[in-house]
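Asks: Sending over a structure as structure tokens; questions will come in a sec.
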């Protein structure tokens, strides 16, 4: 029975799984978005979000702890310098998973996982949203103005 064993083992031994998730986290920090399978993305979210949360408090202990997981100085530096500035006021949920369909070869569910504060398209939509308006009834609608006639139609009338 697998009571209280809540994470996905991804059909790998522990050392292989840790290496896979560390490498995917490094790629996510560097590129801000990676394409992968849905199962790996969900496992990566559980692995990466606590590490990203550590970056909010820039102390030597937190840097060493994150480095012990990632083993990559450039990724740790970028995490604590750039990413921590963008996520400073966010209480959690630093990643977003968007499904992209099934892979052709093996029909695996694919998706991409990205850092939430780095998707410019979604940030524009969020800033560009207008206040919600409700429809009260037909009498509130303004009458439609008549469109001007085309110049070709005016010449035909003149003849």
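In my numbering, the protein residues as written are 34 to 192. In this text, a Cβ means the ideal position worked out from N, Cα and C, and glycines have one as well.
In this structure, how does DSSP classify residue 113 when only helix, strand and coil are distinguished?
Replies: Helix.
Asks: Mind checking residue 157: buried by the 16 CB within 10 Å criterion, or exposed?
Replies: Exposed.
Asks: If you drop the 5 nearest sequence neighbours on each side, which residues of the same chain put their C-beta closer than 6 Å to that of residue 95?
Replies: Closer than 6 Å at Cβ, skipping near neighbours: 87.
Asks: Taking the alpha carbon of residue 55 as the reference point, which residue from 118, 35, 165 and 79 has its own alpha carbon closest?
Replies: When only C-alpha atoms are compared, the closest one is 79.
Asks: Check residue 100 in the structure and name its three-state DSSP category.
Replies: DSSP places residue 100 in helix when its eight states are reduced to three.
Asks: For residue 57, count the other beta carbons within 10 Å of its own beta carbon; 16 or more makes it buried, fewer makes it exposed. Which is it?
Replies: Answer is buried; the Cβ neighbour count reaches 16.
Asks: The beta strand (DSSP E) spanning residue 86 covers which residue range?
Replies: Looking at the DSSP string, residue 86 is not in any beta strand (DSSP E); the run it does join, the alpha helix (DSSP H), is 71 to 87.
Asks: Compare the Cα-Cα distances from residue 85 to each of 111, 73 and 49 and report the closest residue.
Replies: The shortest C-alpha separation from residue 85 is found at 111.
Asks: Going residue by residue through the stretch 118 to 166, where are the continuous beta strand (DSSP E) segments of at least 3 residues, counting only ones entirely within it?
Replies: Whole beta strand (DSSP E) segments, 3+ residues: 128 to 135 and 142 to 148.
Asks: CA-CA distance, residue 43 and residue 160?
Replies: Cα to Cα, residue 43 sits roughly 38 Å from residue 160.
Asks: Count the C-beta pairs between the stretch 64 to 76 and the stretch 126 to 134 that are closer than 8 Å, then say yes if the count reaches three, no if not.
Replies: Touching, per the Cβ criterion.
Asks: In whole angstroms, what separates the C-alpha of residue 61 from that of residue 77?
Replies: Taking the straight line from one Cα to the other gives about 9 Å.
Asks: So if DSSP puts residue 66 in a beta bridge, which residue, or which two residues, is it bridged to?
Replies: Residue 66 pairs with 147.
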